[in-house]
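Chemist:
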Amino acid sequence: MLHRPIYRVSDISDAIKETLEQRFRDVAVRGEVSKVFKSLQGHLYFSLKDDKALLHVVCWRSTAQSLSMEWEDGLEVVCYGRVTSYGVRSTYQLIAHDVRPSGHGALYQMLASRRLRLEKEGLFAESRKRPLPFLPKIIGVVSSPQGAVIHDVMHRLNERFPRPVVLWPCAVQGERAPQEICAALRGFAMADGKSVPRVDVIIVARGGGSIEELWSFNEEEVVRAIAASPIPVISAIGHETDTTLADFVADYRAPTPTAAAERCVPVRHQLHKQCLDTTHQLVLSMARLYDHGCERHRALTARLPMPQRFFDARGEMVRLHEGRLRQAVTHTFSRQQQTMCHAQRLLESCSPYATMKRGYAIVRQDGVVKNRKDALCEETNELEISFYDGKVDAVLT
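Everything in the sequence shown is counted per our numbering, starting at 2 for the first residue and increasing by one.
Below you can see the structure in the form of structure tokens.
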């Protein structure tokens, strides 16, 4: 009989565990979710299966809390983690540190389930949406400082009605994006008016992309942050055909960032014309009212059978009141003209072009440069200087 070593059960169990953890210490496994269970301690347990085998998966509480999945049997996912064994029961399992939906089908399935659940909570109800300000003093933008989005918004605002804009830079895709978007919304909500200006409306914007690239705006934490914002929010995510859950919860959904800027402000010259037209209509209405009163007075006077002296006395009184009425109309018209002129001067004072016409200029370097420190901090030394009658390029030395 050959001599061979005799192992303890725990020796074999430890050897198997060591072999598994060395061979499969960093793997990605795709499969269908089944039998999901969450313990009282917050740990998540489920099985990952395909048509031939089944693998037990464990997500410890620290990992489970960071997952925003709509868990249901049949959902296809990819689990990232390490394989180990549990010697007490002689089983092996995958300890997952991340779980993500696999493929567009799984994403759309999870999106539909999440939308239905949040809709039942009333987060998308029209009754909770707030009206947007007619002419906001300051506009907040939550978006990436790179790319064309912020430039499109600024360009459209300057064309229609220039307004100060505060950009809260954040990532708009990737793992950091949901957290940074929520932080931006909370930051605007808690603005003290000193270090951070108080804004009257917020535009949450990014350019177009695939469902994976836009997924940050489908995350539940972002949807709830928009719903909790005390400031009206305009969503401008992707192109006109792109739709995210942020669009449903926002107070107004714009098809593009440019359209969001258009919704924020009226057209300045149209507003000016409207003021002039309203003043003109008011003057015409007062004149018609005066003429109607005079005509009615003459008609009634002609029908009254009274002595000539009484008529003459009343006529003198009518002429006196007529003079006073003419003075009142003239005074009112003059006040309306003053109000109109004041409104026109106020509108012109809001224009940056009026300031530039007095000899000022705007310096841009990936956005408006407000001070010397910001200019020196930029990676590039190229500047763009805008005068009243055009632009020039300059180099910072």
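Cβ atoms here follow ideal geometry from the backbone N, Cα and C, with glycine treated the same way. In this text the structure is predicted, and so the values were computed from the model without any measurement.
(1) Spell out the partners DSSP gives E385 in its beta bridges.
(2) Kindly identify the DSSP beta-bridge partner or partners of Y93.
(3) Can you check which of these residues, F125, P179 and A355, is closest to V223 by C-alpha distance?
(4) Return the Cβ separation of I386 and A395 in integer angstroms, given the expectation that the two are a contact with Cβ distance under 8 Å.
(5) Assuming A261 and A255 make a contact with CB atoms under 8 Å, what is their CB distance in whole Å?
(6) Could you tell me whether the region 51-58 touches the region 81-95, where touching means 3 or more Cβ pairs closer than 8 Å?
(7) Does the beta-carbon of L397, which I'm using as the reference point, lie nearer than 7 Å to any heavy atom of the ligand COA?
(8) Identify the continuous beta strand (DSSP E) that holds P170 and give its terminal residues.
(9) Using the rule of at least 16 other Cβ atoms within 10 Å of the residue's Cβ for burial, across every protein chain shown, is S217 buried or exposed?
(10) Could you spell out the range, first to last residue, of the beta strand (DSSP E) harbouring A29?
(11) Tell me, please, which residues DSSP counts as bridged to Y81.
(12) State the start and end residues of the unbroken beta strand (DSSP E) segment that holds K50.
(13) Is the CB-CB distance between I203 and F189 below 8 Å?
(14) Distance check for A344 and E296, CA to CA, integer angstroms please.
(15) Which runs of the beta strand (DSSP E) at least 3 residues long sit entirely within the region 102-186? Give them in chain order.
(16) My understanding is that H405 touches A65, with C-beta atoms under 8 Å, so please give their C-beta distance in whole angstroms.
(17) Are the CB atoms of A237 and A206 nearer to each other than 8 Å?
(18) Does the separation of the CB atoms of A251 and I235 fall below 8 Å?
(19) Candidates H281, G316 and L285: which alpha carbon is nearest H298's?
(20) What ranges does the alpha helix (DSSP H) occupy inside the region 238-314, keeping only unbroken runs of at least 4 residues that lie completely in it?
(21) Using beta-carbon positions only, say whether V330 and Y291 come within less than 8 Å of one another.
(22) Mind reading off the beta-carbon distance from G32 to L21? Whole number of angstroms is fine, and I expect it under 8 Å.
(23) Distance, Cα to Cα, L108 vs K53?
(24) At what residue ranges does the region 323-376 contain a whole run of the alpha helix (DSSP H), taking only runs of 4 or more?
(25) Would you give the residue range spanned by the alpha helix (DSSP H) that E21 belongs to?
(26) Touching or not, the region 356-368 and the region 321-330, by the rule of three or more beta carbon pairs under 8 Å?
Modeler: To lay it out plainly:
(1) R365 and D394
(2) S86
(3) Ranking the options by Cα distance to V223, first place goes to P179.
(4) A Cβ-Cβ distance of about 6 Å is found for the pair I386 and A395, placing them in contact under the 8 Å criterion.
(5) 4 Å
(6) yes
(7) In the structure on display, the ligand COA does not appear, and there are no ligands present to speak of.
(8) Counting along the chain, the beta strand (DSSP E) containing P170 begins and ends at V166 to P170.
(9) buried
(10) First-last of the beta strand (DSSP E) with A29: V28 to K39.
(11) A29 and D99, per the DSSP bridge assignment.
(12) In the DSSP assignment, K50 falls within the beta strand (DSSP E) that extends over L45 to K50.
(13) yes
(14) 35 Å
(15) 140-144 and 166-170
(16) Residue numbering for the chain in the displayed model covers 2 to 398; residue 405 lies beyond these limits and cannot be assessed.
(17) yes
(18) Yes, these two residues count as a Cβ contact at 8 Å.
(19) G316
(20) Segments of the alpha helix (DSSP H) lying fully in the region 238-314: 246-250, 258-265 and 269-304.
(21) yes
(22) Contact flag wrong, Cβ pair sits at about 18 Å.
(23) 24 Å
(24) 353-358
(25) This sequence places Leu at residue 21; Glu is not what is there. Counting along the chain, the alpha helix (DSSP H) containing L21 begins and ends at V10 to R24.
(26) no
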